[in-house]
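Undergrad:
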Amino acid sequence: MLSSLICVDDIEKKALALMSKPTRDYYQIGSDTEATLRRNLSAFKHLLIRPRCLRNVSQIHIGQSFSIGDVKYEIPCPVGIAPSAFHRLAHDEGEIATVKAASRAKTIMILSSLSTVSMEDVAKASENAHLWFQLYIYRDRNLNRRLVERAYRSGYKAIVLTIDAPPFGRRRELGRHPFKLPPHLEMANFRTEEFQITRIPRSSTGVKQFADNLFDESISWDDLKWLVETSPLPVVVKGVLRGDDALQAVESGAAGIIVSNHGGRQLDFAPSTVEVLPEVVRAVAGRVPVFLDGGVRTGNDIFKALALGVDMVFVGRPALWGLVVGGSDGVARVLDILQMELEYALKLSGHTSIEEIRKSKDLVVSKEYFMSKL
């Protein structure tokens with residue numbers, strides 16, 4: 001069945017037909033009017049690729065290398081798995097199935113702190129995946145310390161601090177129909193935490209209640225500096241949409257930047273990630289790697305992001321759709337499709353490597369580029 005799904009859109013359609021309404025709503029919706037959610041997709045479509053011809057493309061290389069802290073990464077294809085919550089809503093194996101697919105691809109998987117399988121069990125199931133752990137700054141700083149220490153002991157290589165969610169964004173459909181985890185599922189990373197036991201009633205596992213109890217709206221750059229100083233792992237910052245914020249994150253000790261708007265689930269009418277990518281890349285100026293998530297659905301999208309200076313992209317919803325459709329094999333199918341499409345994009349554009357893409361002037365342009373030539 002998976003072989004008949006030839007693009008990510010096919011996998012999305014199949015997954016949406018299989019999901020229950022509560023799961024579909026939780027995974028799919030954006031904040032408020034969903035303008036940012038739609039813009040993440042449309043912005044990629046407004047970028048055009050100017051191909052070169054008669055260039056030998058018989059041998060291409062799509063691998064990417066970069067360093068986070070003292071760890072050097074060699075990624076065969078620059079697509080990783082973004083953090084997303086509650087994978088066991090999509091498949092019984094949940095994050096175990098996802099990490100198996102990441103292992104097959106030898107890529108990075110960022111585990112959400114709101115996973116339905118504990119970070120320790122995910123690490124045990126990993127073979128060749130590079131594991132990073134996503135974190136929020138909680139009111140109880142000792143909870144942050146304990147989670148970071150557990151990630152370090154379990155072999156995770158970086159902490160990914162989400163900075164765009166002082167509260168969770170307002171999602172209208174979830175306001176009408178509040179989301180609760182089914183009774184047989186749990187926020188597994190908090191199973192052993194006293195905070196979870198004492199502050200979140202067993203009768204309700206509502207995500208909003210969790211956020212209201214734990215999240216700290218007073219967080220500032222000082223908290224990022226505190227985490228960098230406290231953590232034995234390098235800290236990558238996720239949720240940056242401005243060059244000045246990217247620069248301040250680097251100056252505060254961030255080892256990497258993920259350009260992200262939380263999949264269009266936080267501030268509505270924020271710009272798309274690919275629109276702000278050039279500004280962030282210019283501000284960072286090569287001091288740390290720059291990554292992107294949000295709106296990536298095709299190999300051409302990946303090509304465009306690479307041409308604009310990103311080191312690697314991450315996909316969130318597409319991995320969940322693959323999980324719904326085929327478990328670990330479904331997630332692997334998503335990654336395989338994106339790799340195949342990226343290889344085609346390189347060849348058809350007349351390029352043989354990511355380095356060559358980056359050196360090619362005006363390779364990816366907006367539609368207005370051609371109007372200016374008239």
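In full-length UniProt numbering, the protein residues as written are 1 to 374. For glycine and all other residues, C-beta sits at the position ideal for the given N, C-alpha and C.
#1: Tell me whether Gln-196 sits in a helix, a strand or coil according to DSSP, three-state version.
#2: Short of 8 Å in beta carbon distance, which residues of its chain neighbour His-46, apart from the five on each side in sequence? Order them along the chain.
#3: Measure from the alpha carbon of Thr-23 to the alpha carbon of each residue in Lys-180, Ile-354 and Val-160, then state which is nearest.
#4: At what residue ranges does the stretch 55-99 contain a whole run of the beta strand (DSSP E), taking only runs of 3 or more?
#5: Return the Cβ separation of Tyr-152 and Pro-232 in integer angstroms, given the expectation that the two are a contact with Cβ distance under 8 Å.
#6: Restricting to Cα atoms, I'd like to know which of Leu-89, Leu-224, Leu-241 and Ala-101 is closest to Leu-114.
#7: Please report the residue range of the beta strand (DSSP E) in which Gly-309 lies.
#8: Can you look up Phe-370 in the DSSP assignment and give me helix, strand or coil?
#9: Report yes if the CB atom of Pro-278 is closer than 8 Å to the CB atom of Gly-256, and no otherwise.
#10: I'd like to know if the stretch 32-45 and the stretch 332-351 are in contact, where contact means that at least 3 CB-CB pairs between them fall below 8 Å.
#11: Using the C-alpha atoms, what's the distance from Phe-66 back to His-351?
#12: Within 10 angstroms of its Cβ, does Phe-71 collect 16 or more other Cβ (buried), or is it exposed?
#13: Spatial neighbours of Arg-282 within its chain, please: CB distance less than 7 Å, with the 5 preceding and 5 following residues excluded, ordered by chain position.
#14: Where does the unbroken beta strand (DSSP E) through Ile-354 begin, and where does it stop?
#15: Is Met-19 helix, strand or coil when you go by DSSP?
#16: With the cut-off set at 8 Å, would you say Ala-211 and Pro-167 are in Cβ contact?
#17: Going along the chain, which residues of its own chain have a beta-carbon closer than 8 Å to the beta-carbon of Val-236, five neighbours each way excluded?
#18: Put Asp-244 into one of helix, strand or coil per three-state DSSP.
#19: Assign Met-109 to one of three DSSP states: helix, strand, or coil.
#20: Starting from Pro-160, follow the alpha helix (DSSP H) in both directions and report where the run begins and ends.
#21: CA-CA distance, Ser-31 and Ala-319?
#22: Please report how far the alpha carbon of Pro-271 lies from the alpha carbon of Leu-54, in whole angstroms.
#23: Alpha carbon to alpha carbon, how far is Leu-143 from Leu-306? Give it in angstroms, no decimals.
#24: Based on the DSSP secondary-structure assignment, which residues constitute the bridge partners of Tyr-138?
#25: Locate the alpha helix (DSSP H) running through Leu-323, then write down its first and last residues.
#26: Indicate the three-state DSSP secondary structure (helix, strand or coil) for His-46 in the structure shown.
#27: Exposed or buried, which one is Asp-362 when buried takes at least 16 other CB atoms within 10 Å?
#28: Could you tell me the distance, in whole angstroms, from the CA atom of Pro-51 to the CA atom of Ser-349?
#29: Am I right that Phe-314 and Asp-301 are in contact with their C-beta atoms under 8 Å? What's the rounded C-beta distance?
#30: The beta strand (DSSP E) spanning Leu-292 covers which residue range?
#31: So what does DSSP say about Leu-131, is it helix, strand or coil?
#32: Just tell me which of Gly-327, Arg-358, Tyr-26 and Ser-353 has its CA closest to the CA of Arg-176.
#33: Applying the 10 Å Cβ sphere with the 16-neighbour rule, what's the burial state of Glu-341?
#34: Is the CB-CB distance between Ala-123 and Tyr-156 below 8 Å?
#35: Using the Cβ count rule (16 or more neighbours within 10 Å means buried), how would you classify Asp-222?
TA: In short:
#1: In the sequence shown, counting from the first residue as 1, residue 196 sits at position 196. Here the model assigns Gln-196 a pLDDT of 49, short of 50, so the residue's position is not dependable and the matter cannot be decided.
#2: Counting from 1 along the sequence shown, the entry for residue 46 is found at position 46. For His-46, where only same-chain residues beyond five positions count, the Cβ hits under 8 Å are Ser-366 and Lys-367.
#3: For the purposes of this step, residue 23 is taken as residue 23 along the sequence shown, with counting starting at 1. For Thr-23, the nearest C-alpha among the options comes from Lys-180.
#4: 64-68, 71-75 and 79-81
#5: By 1-based counting over the sequence shown, the position of residue 152 is 152. By 1-based counting over the sequence shown, the position of residue 232 is 232. 5 Å between Cβ atoms; contact.
#6: Translated into positions along the sequence shown, residue 114 becomes position 114. Nearest option by C-alpha distance: Leu-89.
#7: The count along the sequence shown starts at 1 and reaches residue 309 at position 309. If you look at Gly-309, you'll find it isn't in any beta strand (DSSP E); DSSP assigns it neither H nor E.
#8: Within the sequence shown, numbered from 1, the residue matching residue 370 stands at position 370. In the structure shown, Phe-370 sits in a helix (DSSP, three-state: H, G or I).
#9: Translated into positions along the sequence shown, residue 278 becomes position 278. Translated into positions along the sequence shown, residue 256 becomes position 256. It is not a contact, given that the beta carbons lie outside the stated cut-off.
#10: no
#11: To locate residue 351, count along the sequence shown from 1; it is residue 351. To locate residue 66, count along the sequence shown from 1; it is residue 66. Using only the alpha carbons, I get a separation of about 20 Å.
#12: As a first step, residue 71 must be located in the sequence shown, where it is residue number 71. Strictly speaking, residue 71 in this sequence is Val, with Phe absent from that position. Under this definition Val-71 is an exposed residue.
#13: The residue given as residue 282 occupies position 282 in the sequence shown. Excluding positions up to five away in sequence, the list reads Gly-243.
#14: Counted from its first residue, the sequence shown places residue 354 at position 354. Ile-354 -> not in any beta strand (DSSP E); alpha helix (DSSP H) instead, spanning 354-359.
#15: Residue 19 sits at position 19 when you count from the first residue of the sequence shown. Note: Met-19 maps to coil in three-state DSSP.
#16: Taking the first residue of the sequence shown as 1, we reach residue 211 at position 211. Taking the first residue of the sequence shown as 1, we reach residue 167 at position 167. Against a cut-off of 8 Å, the Cβ pair of Pro-167 and Ala-211 comes out as a contact.
#17: Start at 1 with the first residue of the sequence shown, and residue 236 comes out as number 236. For Val-236, where only same-chain residues beyond five positions count, the Cβ hits under 8 Å are Ile-68, Trp-132, Ala-158, Ile-159, Val-160, Leu-161, Ala-254, Ala-255, Gly-256, Ile-257, Ile-258 and Phe-291.
#18: In the sequence shown, residue 244 corresponds to position 244, counting from 1. Three-state DSSP puts Asp-244 in a helix.
#19: Along the sequence shown, one-based indexing puts residue 109 at 109. Looking at Met-109 - three-state DSSP - the assignment turns out to be strand.
#20: Start at 1 with the first residue of the sequence shown, and residue 160 comes out as number 160. Residue 160 is actually Val in this sequence, not Pro. Here Val-160 belongs to no alpha helix (DSSP H); instead the beta strand (DSSP E) covers 158-162.
#21: Position 31 of the sequence shown, counting from 1, holds the residue named residue 31. Position 319 of the sequence shown, counting from 1, holds the residue named residue 319. About 20 Å.
#22: As a position in the sequence shown, residue 271 is number 271, starting the count at 1. As a position in the sequence shown, residue 54 is number 54, starting the count at 1. One C-alpha to the other measures close to 37 Å.
#23: Taking the sequence shown and counting its residues from 1, one reaches residue 306 at position 306. Taking the sequence shown and counting its residues from 1, one reaches residue 143 at position 143. Distance between the alpha carbons of Leu-306 and Leu-143: 36 Å.
#24: The residue labelled residue 138 in the question sits at position 138 within the sequence shown. In the DSSP output, where bridge partners are listed per residue, Tyr-138 has Phe-215.
#25: The residue labelled residue 323 in the question sits at position 323 within the sequence shown. Here the alpha helix (DSSP H) through Leu-323 covers 317-349.
#26: Your numbering for residue 46 matches position 46 in the sequence shown. The answer is coil: DSSP assigns His-46 none of H, G, I, E or B.
#27: Here the question's residue 362 lines up with position 362 in the sequence shown. Exposed: under 16 other Cβ atoms inside 10 Å.
#28: In the sequence shown, residue 51 corresponds to position 51, counting from 1. In the sequence shown, residue 349 corresponds to position 349, counting from 1. Approximately 4 Å between the Cα atoms of the pair.
#29: Position 314 of the sequence shown, counted from the start, is the residue given in the question as residue 314. Position 301 of the sequence shown, counted from the start, is the residue given in the question as residue 301. Contact doesn't hold; Cβ gap of about 12 Å is too wide.
#30: Here the question's residue 292 lines up with position 292 in the sequence shown. That run of the beta strand (DSSP E) goes 290-293.
#31: Taking the sequence shown and counting its residues from 1, the one referred to as residue 131 is at position 131. In the structure shown, Leu-131 sits in a strand (DSSP, three-state: E or B).
#32: Taking the first residue of the sequence shown as position 1, residue 176 is located at position 176. Closest option to Arg-176, Cα to Cα, is Tyr-26.
#33: If you number the sequence shown from 1, residue 341 lands on position 341. With 16 or more other Cβ atoms within 10 Å, it is buried.
#34: Residue 123 sits at position 123 when you count from the first residue of the sequence shown. Residue 156 sits at position 156 when you count from the first residue of the sequence shown. It is a contact, given that the beta carbons lie within the stated cut-off.
#35: For the purposes of this step, residue 222 is taken as residue 222 along the sequence shown, with counting starting at 1. Counting Cβ neighbours within 10 Å, Asp-222 comes out exposed, since fewer than 16 surround it.
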